[in-house]
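J.: Pasting a structure here, questions to come.
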Amino acid sequence: MLEKLMSIDRRIVFILVAIAVIIPTLLNVRFPITVSQPTRSVYDFIDELPPDSTILMAFDYGPSSLAELEPMAAAVLRHCFSKNVRVIGMTLLNVGARLGDRVMSQTSAEMGAVDGEDYVFLGFRPGGISVILGMGTAIDSVFSADYRGKPLSEIPMMQDVKNYDHIALVLDLASSGTPSTWIAYINTKYKQQVAAGVTGVMVSELYPFIQSGQLVGLMPGLLGAAEYETLIDTPEKATAGMSVQSFVHLLIFVLVVVGNVAFFIQRRRAQ
Amino acid sequence: MISKKLILFLFLLAVVFGPSCTIAIAQEAPADVDTRWFHTGKIWIFLSVVLFSCAIIFSIYRARGGGDIFIRRIAGLEAVDEAIGRSTEMGRPILYILGLGQVGDVATIASMNILGQVARKTADYETPLRVPCNDPIVLNVVREMVKAAYLDEGRPDAYSEDDIFFVTESQFAYAAAVDGMMVREKPAAVFLQGTFYAESLILAETGNSVGAIQIAGSDSDSQLPFFITACDYTLIGEELYAASAYLSREPMLLGSLKGQDYGKFLIFAGIVLGVILELVGITWVSTFFKEV
Amino acid sequence: MRRQVPLILCFLFGIVMMLVEFSPHPVSEGLRAEVIEWDLIIGPFALVIGVVTLVHTHWIRIRRRVEHWQYSYLVFIGMIVMVAFGLPMGPKNGGNELPKWLEWFKWFKGPENEVFVWFFDNVQVPMEATMFSLLAFFIASASYRAFRARTLEATLLLAAAVIVMIGNAPIGDVLWNELSPVGENIPSTARQWILDNPNLSSRRGIILGVSLGVISQSIRIIFGIERSYLGGGD
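And the structure:
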């Protein structure tokens with residue numbers, strides 16, 4: 461019996477995880493979210509911006525991390541549009557172009573924001589560091605037109621936004637190492653304020669940048685998205701997702717406890 | 002002979018690219034362009050790089066004379082022979098995964114160095130070595146490396162180019178393909194060395210499920226917990242870089258590790274000094290580091 | 125000679141690119157931009173190599189009728205379909221710069237390229253998301269298997285993992301606030317403390333080690349001491 465408890469077949473664990481996801485999803489369980497300081501800092505920074513300020517959002521994620529980062533993007537966009545903060549969207553990853561365009565179009569339609577006046581999506585340019593540095597000199601030297609091919613010179617909100625001097629915050633929503641590249645090249649060189657929203661796995665590696673003041677704030681994965689939804693008082697996908705995730709965390713906790721209890725009993729018997 | 006060609010090459014480089022650099026700048030530079038040749042704000046970083054580099058070069062120079070250089074035991078590297086031996090005995094292949102890094106990434110180069118050593122042994126033992134690659138340039142470098150290792154061991158006939166192949170640049174498609182290989186081919190040993198992202202646990206857990214002995218190594222610190230949980234041995238950060246020195250036991254490579262230790266000692270001394278001074282209310286050390 | 129030229133190039137570029145980091149002069153910046161451009165130019169060549177190798181690998185599989193050779197046809201079908209519909213997206217995001225003869229084909233254009241977008245939204249997105257979702261299952265099985273309090277270090281790891289896991293989920297705070305008479309939101313506070321203190325300190329240690337390792341490895345490569353990546357011995 462103890463042996464069995466200590467080595468439950470992984471397929472049984474998989475089935476338990478599936479049940480822990482499916483049932484709460486069907487029951488639509490919701491828990492209140494406690495907001496952490498790093499997420500609150502992002503919210504506060506955007507909230508305190510005067511109307512008609514501009515932020516740049518980099519959609520540096522692919523389809524795999526969509527579930528964590530798209531709700532985050534939608535929450536921040538809702539906040540910006542409600543505060544009349546203008547948003548420039550772009551991406552350093554080719555797969556991010558469609559995803560960025562989609563979330564910006566959907567959220568703007570929902571909030572009544574106007575393309576070219578309240579937001580613009582520039583799409584993707586290859587080059588990574590050269591794109592980041594190039595925008596410091598002139599955005600139109602890197603992106604001559606928006607995602608739909610409209611020249612930047614014809615876009616009203618881009619008339620007074622030429623480079624980082626006219627951007628209050630760069631928010632990188634990322635599933636890979638791009639936040640440290642943004643920090644290294646624009647925080648250090650242009651003294652640009654940078655914030656990040658990343659997948660849950662990556663969060664801990666960015667904490668040193670919060671303490672050093674190189675990141676304004678940090679949104680940790682789906683939890684960060686749920687926290688932001690709580691702050692703007694619009695519980696959506698992330699809040700629902702975190703409630704479901706709670707049950708999986710609880711299941712893992714129970715499995716770990718069961719495994720350890722069996723381990724200790726067996727060790728005591730062996731002694 | 003070489004130096005003349007080199008000078009000619011540099012001259013051509015300057016002629017061809019010099020004007021284009023200047024033109025590019027003239028077109029793009031804003032009015033307040035910085036014309037300093039040296040960024041004085043980075044002087045301390047520059048000095049520390051120079052100091053640390055000198056310590057390493059000095060250690061390498063000293064090590065050239067030979068002599069015994071102590072290097073602590075690294076369990077993950079000690080297990081390389083065991084993993085290859087196990088695969089040979091079981092008649093199953095070794096799967097070597099270089100991660101998602103590009104050829105310019107230091108972790109990928111470190112991983113290729115380990116692969117070179119592994120390939121020498123698989124050439125000797127005639128153990129099949131399978132290397133699915135994520136980057137076409139890495140693929141070509143790896144093919145050259147492994148081929149040369151087999152030639153050096155006098156076993157060019159045992160080398161098969163088809164065993165080193167490109168899968169895809171897409172992160173999760175790569176993970177799916179490699180997982181599929183693991184499940185179908187059931188390798189006896191899996192090496193996961195290089196730069197990894199979210200696919201790390203997907204690969205390591207599948208390797209575990211097929212019963213392979215797994216040796217992981219990465220400088221992607223957020224992925225290390227996954228490797229530690231799912232693999233038999235894990236090289237943490239700098240251990241990955243030290244691997245080629247450890248495996249080859251070449252004095253000059255070992256010497257560079259000693260130089261690295263001098264750097265660590267300096268940093269450690271700085272931290273201890275800073276903590277003590279901070280505790281007694283003297284803050285110039287922490288202020289200095291904040292400003293640097 | 126075959127190895128001397130790469131070693132010389134490696135030395136030159138290594139030293140120059142390091143110095144460029146410390147120089148804000150326009151010439152240095154221009155040089156940096158130029159080298160990044162070269163790197164970008166290499167990209168398409170790599171793509172060609174990748175495609176050729178992929179086609180070769182799968183063609184051989186089909187020809188030799190190796191196990192599951194039929195799936196190799198799927199590789200070709202997927203590649204041809206996505207390239208056929210994806211290419212019109214073009215270098216300028218597809219923009220409005222399509223050749224005239226293609227303009228009649230409205231849904232074939234730019235971000236409104238409906239077929240490409242359909243494949244992206246309904247094939248690539250769910251497939252990649254599925255692979256990523258496997259992590260939930262693997263994290264559960266790996267934690268269950270590995271988190272055993274065998275030694276003091278393992279016990280510390282286990283305790284930290286459990287606190288972060290419970291503190292990260294809203295249910296942790298909910299249960300604590302319901303059941304415990306002491307304090308509010310203790311699980312999420314404890315989680316934040318672990319992330320801010322022990323996590324940050326240990327991570328800094330790893331970062332310092334890795335950074336010194338990178339410098340040491342780079343010096344070995346720049347000076348040609350580490351050359352096994354070039355293949356063969358000396």
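Protein chains in written order, with this note's numbering: chain A, 461 to 731; chain B, 2 to 293; chain C, 125 to 358. Note that the Cβ used here is the ideal one computed from N, Cα and C, for glycine as well. Owing to the predicted nature of the structure, the values given are computational and were not obtained by experimental measurement.
Residues in its own chain within less than 6 Å of Gln194 (chain B) by CB, not counting five upstream and five downstream?
T.: As a first step, residue 194 (chain B) is located in the second sequence; it is residue number 193 there, counting from the start. Cβ within range, chain order: Ser112, Ile115 and Gly218.
J.: Within the 8 Å Cβ cut-off, does Phe173 (chain B) reach chain A?
T.: Taking the first residue of the second sequence as 1, we reach residue 173 (chain B) at position 172. Taking Cβ atoms only, chain A reaches closer than 8 Å to Phe173 (chain B), which makes this a yes.
J.: Against Tyr198 (chain B), what residues of chain A qualify as contacts under a CB-to-CB distance less than 7 Å, listed in chain order?
T.: Locating residue 198 (chain B) in the second sequence gives position 197, where the first residue counts as 1. Result: Ser636.
J.: Hey, quick one: how far does the alpha helix (DSSP H) through Gly154 (chain C) stretch, first residue to last?
T.: Counting from 1 along the third sequence, the entry for residue 154 (chain C) is found at position 30. Counting along the chain, the alpha helix (DSSP H) containing Gly154 (chain C) begins and ends at Pro150 to Arg188.
J.: List, in order along the chain, the chain C residues whose C-beta lies closer than 7 Å to that of Trp45 (chain B)?
T.: If you number the second sequence from 1, residue 45 (chain B) lands on position 44. By Cβ distance, chain C contributes nothing, its closest Cβ being about 11 Å from Trp45 (chain B), past 7 Å.
J.: Alpha carbons only, please: which of C:Asp297, C:Leu211, C:Ala285 and C:Leu280 is nearest the one belonging to Ile310 (chain C)?
T.: Reading the third sequence from its first residue, position 186 is the one you call residue 310 (chain C). Looking at the Cα atoms, C:Asp297 is the closest of the given residues.
J.: Tell whether a beta-carbon distance below 8 Å holds between Lys543 (chain A) and Asp507 (chain A).
T.: Working through the first sequence from its first residue, we reach residue 543 (chain A) at position 83. Working through the first sequence from its first residue, we reach residue 507 (chain A) at position 47. It is a contact, given that the beta carbons lie within the stated cut-off.
J.: Give me whichever residues DSSP pairs with Tyr579 (chain A) in a beta bridge.
T.: Counting from 1 along the first sequence, the entry for residue 579 (chain A) is found at position 119. Tyr579 (chain A) is bridged to A:Val547 and A:Asp575.
J.: Distance, Cα to Cα, Gly208 (chain B) vs Phe289 (chain B)?
T.: The sequence position of residue 208 (chain B) within the second sequence is 207, counting from 1. The sequence position of residue 289 (chain B) within the second sequence is 288, counting from 1. Approximately 47 Å, taken between the alpha carbons.
J.: Indicate whether at least one CB of chain C lies closer than 8 Å to the CB of Ile709 (chain A).
T.: In the first sequence, counting from the first residue as 1, residue 709 (chain A) sits at position 249. In the sequence under discussion, the amino acid at residue 709 (chain A) is His, which differs from the Ile named in the question. Taking Cβ atoms only, chain C reaches closer than 8 Å to His709 (chain A), which makes this a yes.
J.: What residue does the beta strand (DSSP E) around Gly218 (chain B) start on, and which one ends it?
T.: Numbered from 1 along the second sequence, position 217 holds the residue referred to as residue 218 (chain B). Counting along the chain, the beta strand (DSSP E) containing Gly218 (chain B) begins and ends at Ile214 to Ser219.
J.: Considering Pro133 (chain B), what are the terminal residues of the beta strand (DSSP E) in which it resides?
T.: As a working mapping, residue 133 (chain B) is identified with position 132 in the second sequence. Looking at the DSSP string, the run of the beta strand (DSSP E) that includes Pro133 (chain B) is Leu130 to Cys134.
J.: Can you list, in chain order, the residues of its chain whose CB lies under 7 Å from that of Arg315 (chain C), leaving out five sequence neighbours each side?
T.: Within the third sequence, numbered from 1, the residue matching residue 315 (chain C) stands at position 191. The answer, listed in chain order, is Ile287, Val288, Gly291 and Asn292.
J.: Touching or not, the stretch 494-503 of chain A and the stretch 576-595 of chain A, by the rule of three or more beta carbon pairs under 8 Å?
T.: Segments in contact, no.
J.: Return the CA-CA distance between Leu612 (chain A) and Asn623 (chain A), expressed in angstroms with no decimal places.
T.: Sequence index remark: in the first sequence, residue 612 (chain A) carries index 152 (1-based). Sequence index remark: in the first sequence, residue 623 (chain A) carries index 163 (1-based). If you take the alpha carbons of Leu612 (chain A) and Asn623 (chain A), they lie about 13 Å apart.
J.: Helix, strand or coil, according to DSSP, for Val654 (chain A) in the structure here?
T.: For the purposes of this step, residue 654 (chain A) is taken as residue 194 along the first sequence, with counting starting at 1. Reduced to three states, the DSSP call for Val654 (chain A) is strand.
J.: In chain A, what lies closer than 8 Å to Phe256 (chain C) by C-beta?
T.: For the purposes of this step, residue 256 (chain C) is taken as residue 132 along the third sequence, with counting starting at 1. Per Cβ cutoff of 8 Å: Ser524, Ser525 and Ala527.
J.: For Ile515 (chain A), list the residues DSSP reports as bridge partners.
T.: Taking the first residue of the first sequence as position 1, residue 515 (chain A) is located at position 55. BP columns for Ile515 (chain A) point to A:Val547 and A:Leu629.
J.: Could you pull out every residue in the same chain whose Cβ sits closer than 6 Å to the Cβ of Val721 (chain A), ignoring the five residues on either side in sequence?
T.: The residue given as residue 721 (chain A) occupies position 261 in the first sequence. Same-chain partners within the cutoff: there are none.
J.: Would you mind sorting Trp300 (chain C) into buried or exposed? The rule is 16 or more other CB atoms within 10 Å of its CB.
T.: The residue you call residue 300 (chain C) lines up with position 176 of the third sequence. Buried, by the Cβ-count rule.
J.: Cβ of Asp222 (chain B) less than 8 Å from any chain A Cβ?
T.: As a working mapping, residue 222 (chain B) is identified with position 221 in the second sequence. Interface residue, yes.
J.: Using the three-state DSSP reduction, which class does Ala634 (chain A) fall into: helix, strand or coil?
T.: Counting from one through the first sequence, the residue named residue 634 (chain A) turns up at place 174. Ala634 (chain A) falls in the strand class under three-state DSSP.
J.: Can the beta-carbon of Phe173 (chain B) be found less than 8 Å from the beta-carbon of Cys134 (chain B)?
T.: Mapped onto the second sequence, residue 173 (chain B) falls at position 172. Mapped onto the second sequence, residue 134 (chain B) falls at position 133. In this structure, Cys134 (chain B) does not lie closer than 8 Å to Phe173 (chain B) by Cβ.
J.: Does the beta-carbon distance from Ile138 (chain B) to Ala170 (chain C) come in below 8 Å?
T.: In the second sequence, residue 138 (chain B) corresponds to position 137, counting from 1. In the third sequence, residue 170 (chain C) corresponds to position 46, counting from 1. A contact, by the Cβ cut-off of 8 Å.
J.: Just the chain A side, please: which residues come within less than 8 Å of Ser210 (chain B) by C-beta, in chain order?
T.: To locate residue 210 (chain B), count along the second sequence from 1; it is residue 209. Within chain A, the residues near Ser210 (chain B) are Arg470.
J.: Are the CB atoms of Ile75 (chain B) and Leu255 (chain B) within a distance shorter than 8 Å?
T.: The count along the second sequence starts at 1 and reaches residue 255 (chain B) at position 254. The count along the second sequence starts at 1 and reaches residue 75 (chain B) at position 74. Against a cut-off of 8 Å, the Cβ pair of Ile75 (chain B) and Leu255 (chain B) comes out as no contact.
J.: When the Cα atoms are used, what is the spatial distance from Ser297 (chain B) to Leu593 (chain A)?
T.: Nothing about residue 297 (chain B) can be read from this structure; chain B reaches only from 2 to 293.
J.: Using C-beta distances below 7 Å, list every residue in its chain close to Thr123 (chain B), excluding the 5 sequence neighbours before and after it, in chain order.
T.: Sequence index remark: in the second sequence, residue 123 (chain B) carries index 122 (1-based). Once the five neighbours on either side are set aside, the close Cβ partners of Thr123 (chain B) are Ile85, Ile95 and Leu130.
J.: Compare the beta carbon distance of Leu552 (chain A) and Ala518 (chain A) with 8 Å and say whether it is the shorter of the two.
T.: Translated into the one-based positions of the first sequence, residue 552 (chain A) becomes position 92. Translated into the one-based positions of the first sequence, residue 518 (chain A) becomes position 58. Cβ distance < 8 Å, so Leu552 (chain A) and Ala518 (chain A) count as in contact.
J.: Can a CB atom of chain B be found closer than 8 Å to the CB of Met466 (chain A)?
T.: Walking along the first sequence from the start, residue 466 (chain A) turns up at place 6. No, its Cβ sits nowhere closer than 8 Å to a Cβ of chain B.
J.: Counting only the same chain and skipping the five closest in sequence on each side, list residues whose C-beta sits under 7 Å from that of Phe59 (chain B).
T.: Here residue 59 (chain B) refers to the residue found at position 58 of the second sequence. Closer than 7 Å at the Cβ level, and outside the excluded window around Phe59 (chain B), lie Gly260.
J.: Name, in chain order, the residues that DSSP records as bridge partners for Gly100 (chain B).
T.: By one-based count along the second sequence, residue 100 (chain B) stands at place 99. DSSP output for Gly100 (chain B) lists B:Thr196 as bridge partner(s).
J.: Would Met662 (chain A) pass as an interface residue toward chain B - the criterion being a Cβ-Cβ separation below 8 Å?
T.: Taking the first residue of the first sequence as position 1, residue 662 (chain A) is located at position 202. It does: the Cβ of Met662 (chain A) has a partner Cβ on chain B nearer than 8 Å.
J.: Drop a sphere of 10 angstroms on the beta-carbon of Phe581 (chain A), count the other beta-carbons inside from all chains shown, and report buried for 16 or more, exposed for fewer.
T.: For the purposes of this step, residue 581 (chain A) is taken as residue 121 along the first sequence, with counting starting at 1. Buried is the call here.
J.: Pick from A:Gln674, A:Val661, A:Phe707 and A:Val473: whose alpha carbon is nearest that of Ile643 (chain A)?
T.: Counting from one through the first sequence, the residue named residue 643 (chain A) turns up at place 183. Closest by alpha carbon: A:Gln674.
J.: At a Cβ cut of 9 Å, what residues of the stretch 229-244 of chain B count as close to chain C, listed as they run along the chain?
T.: From the stretch 229-244 of chain B, only Ile229, Thr230, Ala231, Ile237, Gly238, Glu239, Glu240, Leu241, Tyr242 and Ala243 have a Cβ closer than 9 Å to chain C.
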